[in-house]
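Protein chains in written order, with our numbering: chain A, 15 to 225; chain B, 1212 to 1454. Yeah, the Cβ is synthetic: ideal placement off N, Cα and C, and Gly gets one too. Have a look at the structure below, then the notes.
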Amino acid sequence: MLQSQVWSLNCNLSLQYMDDADLVAGLRRGDAQAIEYVVGQYAPVLYRFAYYQLQDAMLAEDLVSEVMVRMIGHIDGFVLGQASFQAWLFRIARNLITDHYRARQRRPQVSLEAMLEAEPGYEPGAQDRQIEAVLDREQLVVGLATLTDEQRQVILLHVIEGWELPQVAELLNRSLASIKGLYYRGIQSLHRALAAGNNAQDNLKRSDKDV
Amino acid sequence: MFDGNFQSESEVEEIFSEAWQKVQAGHSIESAVSAYPEYASQIEPMLRLTAAVRGTPPPALLAGALARMRERTQEAAHERNGVAAFGQKSVRYTPYVAYAPPRRSLRSWLASLFPIAPTLRGSVGVLAMLSILVGTMSIIETLSRQADPHQSLETYSGTITSMSATAWWIGDEKILIDNTTKIYGQPRVGAEMVCVGRPLSGDRMKALEVWIRLAPDGSTIIPKTLIPLPTKNTEANASVFFH
Chain A
15 MLQSQVWSLN CNLSLQYMDD ADLVAGLRRG DAQAIEYVVG QYAPVLYRFA YYQLQDAMLA
75 EDLVSEVMVR MIGHIDGFVL GQASFQAWLF RIARNLITDH YRARQRRPQV SLEAMLEAEP
135 GYEPGAQDRQ IEAVLDREQL VVGLATLTDE QRQVILLHVI EGWELPQVAE LLNRSLASIK
195 GLYYRGIQSL HRALAAGNNA QDNLKRSDKD V
Chain B
1212 MFDGNFQSES EVEEIFSEAW QKVQAGHSIE SAVSAYPEYA SQIEPMLRLT AAVRGTPPPA
1272 LLAGALARMR ERTQEAAHER NGVAAFGQKS VRYTPYVAYA PPRRSLRSWL ASLFPIAPTL
1332 RGSVGVLAML SILVGTMSII ETLSRQADPH QSLETYSGTI TSMSATAWWI GDEKILIDNT
1392 TKIYGQPRVG AEMVCVGRPL SGDRMKALEV WIRLAPDGST IIPKTLIPLP TKNTEANASV
1452 FFH
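What follows is the structure in structure tokens.
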């Protein structure tokens, strides 16, 4: 017990790595501090990325756990300078998400009903303003599910995670111009989906009142 | 649907990206849009939505989930290190012979005196005595090497393919087990193992100590730091291989 506390303290005190080379060298040695750093630093980010795509907290958690295990298993295959460590982790996550959907043989299902059930508190009218002002997480999840995989990933990485568009382009193996196109069209589609959701909810409320 | 206006489409995409960068840099949406009046009606609602997406509370990973991930990752690392230490393939090593520190025998000491012996004594009798002594030591050393069981120790690693009460097989290699064999971990068919033992005739080995790395169902994990071997010789052996 005492040993684990000391261990934890040591880990917290030294959670800094100068660069990917240091970090990867630590991981190759099986350095507990390097592992602690990677999990602490990247697991929450990967979890957000996975959650918005899988629409399921448990699945997302399992997936991130699997990313970490694969990262350890394939750390010798990571080539410094070819891609950043972060990009490499996200590539593993993307592949696992793709595998997940391939195994299930279907894409995420979009459900306006689910969206309405998730957030029943909207007032009728002025959908755009509402969308723009406050966006609930469940709404966002459902809205993102209407996008293509790449549109969704561009928005997640660029808007939510704050990646630069060239970084996103590198990860998705696309040109910068095509990433900008995916980004804009993705936001447009999301806007339409959320507005449609609000309209549907307005109609539902009106019919409730009529009844 | 194609509207015959690729240029304007790519322009608005470019402008939207630029405007969002301005917003991220601290400009208000109104200010960012004002730089592109001809596209304002198109990009302003998109920028507002993007800002809303950005401001949506993110899903948080619970501390318990993070701890489970940390634990699983550490386990994977230990497992990986174990694999790296033991080697993935069945390989026979001869550690003692390969890594034994150079040891100067009495024979070589006497041999080194041999050229200067005439100078020292200048006597044929002394030379004869020295020759006899060197020959005798050579025989003694040869016999003692054969008698030293440690000289013939080997390590062997691989997957257990078959088991009986007195023997396990790693491929064609038969590993003989008896009540003197020290076994660390839970052996079973399919488990990775490493053993130190004495080779016998044929593809056989008498196992002295065996470590089971990981059973197929993952129930047995060898400690990261191997248990020290009890005898002096094998301990030296292990330190060469596993540290």
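- With 7 Å as the C-beta to C-beta threshold (strictly closer), list the residues of the segment 1224-1244 of chain B near chain A in chain order. Interface annotation for the segment 1224-1244 of chain B against chain A: 1224, 1225, 1227 and 1228, criterion Cβ-Cβ distance under 7 Å.
- Message: With a threshold of 8 Å between beta carbons, is residue 93 (chain A) in contact with chain B?
- Response: Within the first sequence, numbered from 1, the residue matching residue 93 (chain A) stands at position 79. With 8 Å as the cut-off, residue 93 (chain A) does not count as an interface residue toward chain B.
- Under a Cβ-count criterion, where at least 16 other Cβ atoms within 10 Å of its own Cβ denotes burial, should residue 1376 (chain B) be classed as buried or exposed? Taking the second sequence and counting its residues from 1, one reaches residue 1376 (chain B) at position 165. Under this definition residue 1376 (chain B) is an exposed residue.
- Check whether the Cβ of residue 58 (chain A) lies closer than 8 Å to any Cβ atom in chain B. The count along the first sequence starts at 1 and reaches residue 58 (chain A) at position 44. Yes, residue 58 (chain A) counts as interfacial toward chain B.
- Message: Classify residue 11 (chain A): buried if its beta carbon has 16 or more other beta carbons within 10 angstroms, exposed otherwise.
- Response: Here chain A has residues from 15 to 225 only, and residue 11 (chain A) is not among them.
- Query: Are three or more beta carbon pairs between the segment 37-49 of chain A and the segment 1232-1250 of chain B nearer than 8 Å?
  - Reply: Because the criterion of three Cβ pairs below 8 Å is not met, the segment 37-49 of chain A and the segment 1232-1250 of chain B do not touch.
- Item | Proximity test, Cβ basis, 8 Å: residue 79 (chain A) and chain D | Checking the listed chains, one finds no chain D in this structure; the protein chains it contains are A and B.
- Item | Interfacial residues, the segment 1246-1276 of chain B to chain A, with Cβ spacing under 8 Å | So the list reads 1256, 1257, 1259, 1260, 1261, 1262, 1263, 1264, 1265, 1266, 1267, 1268, 1269, 1270, 1271, 1272 and 1276, given in the order they occur along the chain.
- Query: DSSP three-state call for residue 1231 (chain B): helix, strand or coil?
  - Reply: Working through the second sequence from its first residue, we reach residue 1231 (chain B) at position 20. Three-state DSSP puts residue 1231 (chain B) in a helix.
- Task: Identify each residue in the segment 157-184 of chain A for which the Cβ-Cβ distance to at least one residue of chain B is less than 7 Å, and report them in chain order.
- Result: Legend: CB atoms of the segment 157-184 of chain A lying less than 7 Å from CB atoms of chain B belong to residues 169, 173, 174 and 179.
- Query: Which value, in whole angstroms, describes the spacing of the CA atoms of residue 1381 (chain B) and residue 1283 (chain B)?
  - Reply: As a working mapping, residue 1381 (chain B) is identified with position 170 in the second sequence. As a working mapping, residue 1283 (chain B) is identified with position 72 in the second sequence. The straight-line gap separating the alpha-carbon atoms of residue 1381 (chain B) and residue 1283 (chain B) is approximately 29 Å.
- Where residue 116 (chain A) and residue 1371 (chain B) are concerned, what is the direct C-alpha to C-alpha distance, given to the nearest angstrom? Residue numbering aside, residue 116 (chain A) sits at position 102 when the first sequence is read from its first letter. Residue numbering aside, residue 1371 (chain B) sits at position 160 when the second sequence is read from its first letter. Approximately 35 Å between the Cα atoms of the pair.
- Task: Enumerate in chain order the residues of its own chain whose CB-to-CB distance from residue 1303 (chain B) is below 7 Å, with the five nearest sequence positions on each side excluded.
- Result: Counting from one through the second sequence, the residue named residue 1303 (chain B) turns up at place 92. In this predicted model, residue 1303 (chain B) has a pLDDT of only 43, less than 50, meaning its place in the structure is not dependable; the value taken from the coordinates is given anyway. Cβ neighbours of residue 1303 (chain B) beyond the five flanking positions: 1365 and 1367.
- Query: How about residue 263 (chain A) and residue 66 (chain A): are their beta carbons less than 8 Å apart?
  - Reply: Missing from the structure shown is residue 263 (chain A); chain A here goes from 15 to 225 and no further.
- Item | Span separating the alpha-carbon of residue 180 (chain A) from that of residue 1402 (chain B) | Mapped onto the first sequence, residue 180 (chain A) falls at position 166. Mapped onto the second sequence, residue 1402 (chain B) falls at position 191. In this structure, the straight-line span from the alpha carbon of residue 180 (chain A) to that of residue 1402 (chain B) is close to 47 Å.
- So which residues of chain B does residue 49 (chain A) contact, with C-beta pairs closer than 8 Å? The residue given as residue 49 (chain A) occupies position 35 in the first sequence. What residue 49 (chain A) touches in chain B: 1281, 1284, 1285 and 1288.
- Item | Backbone CA spacing between residue 1296 (chain B) and residue 1404 (chain B) [nearest angstrom] | Taking the first residue of the second sequence as 1, we reach residue 1296 (chain B) at position 85. Taking the first residue of the second sequence as 1, we reach residue 1404 (chain B) at position 193. With a pLDDT of only 48 at residue 1296 (chain B), under the threshold of 50, the placement of this residue in the model should not be trusted, and no figure is reported.
- How about residue 190 (chain A) and residue 104 (chain A): are their beta carbons less than 8 Å apart? Working through the first sequence from its first residue, we reach residue 190 (chain A) at position 176. Working through the first sequence from its first residue, we reach residue 104 (chain A) at position 90. Between residue 190 (chain A) and residue 104 (chain A), the C-beta gap is not smaller than 8 Å, which leaves the two residues out of contact.
- Message: Taking the beta carbon of residue 1232 (chain B) as the centre, do at least 16 other beta carbons fall within 10 Å, making it buried, or is it exposed?
- Response: Within the second sequence, numbered from 1, the residue matching residue 1232 (chain B) stands at position 21. That one is exposed.
- Task: Using a cut-off of 9 Å between C-beta atoms, extract the partners of residue 1375 (chain B) located in chain A.
- Result: Start at 1 with the first residue of the second sequence, and residue 1375 (chain B) comes out as number 164. Going along chain A, no residue has its Cβ under 9 Å from residue 1375 (chain B), so there is no contact; the nearest lies around 34 Å.
- If you compare alpha carbons, which of A:49, A:164, A:155 and A:153 is closest to residue 187 (chain A)? The residue you call residue 187 (chain A) lines up with position 173 of the first sequence. That would be A:164, whose Cα lies nearest to the Cα of residue 187 (chain A).
- Close-in-space but distant-in-sequence residues of the same chain around residue 1223 (chain B) (CB under 8 Å, 5 per side omitted): Within the second sequence, numbered from 1, the residue matching residue 1223 (chain B) stands at position 12. When the five nearest sequence neighbours on each side are left out, the beta carbons in the same chain lying within less than 8 Å of the beta carbon of residue 1223 (chain B) are those of 1250, 1253 and 1254, in order along the chain.
- Task: Determine the contact status of residue 99 (chain A) and residue 34 (chain A), defining contact as a CB-CB distance below 8 Å.
- Result: Your numbering for residue 99 (chain A) matches position 85 in the first sequence. Your numbering for residue 34 (chain A) matches position 20 in the first sequence. Yes, they are a contact pair.
- Item | Where residue 212 (chain A) falls, given that 16 or more other Cβ within 10 Å makes a residue buried | Within the first sequence, residue 212 (chain A) is the residue found at index 198, counting from 1. Residue 212 (chain A) is buried by the Cβ-count criterion.
- Using three-state DSSP, classify residue 1276 (chain B) as helix, strand or coil. Locating residue 1276 (chain B) in the second sequence gives position 65, where the first residue counts as 1. Here residue 1276 (chain B) sits in helix by DSSP.
- Item | Beta-bridge pairing of residue 1386 (chain B) - partner residues as DSSP gives them | Your numbering for residue 1386 (chain B) matches position 175 in the second sequence. Looking at the DSSP assignment, residue 1386 (chain B) forms a beta bridge with B:1379 and B:1416.
- Query: Could one say the Cβ of residue 195 (chain A) lies closer than 8 Å to chain B's Cβ atoms, at least one of them?
  - Reply: Here residue 195 (chain A) corresponds to residue number 181 of the first sequence, with the count starting at 1. Judged by the 8 Å Cβ criterion, residue 195 (chain A) is in contact with chain B.
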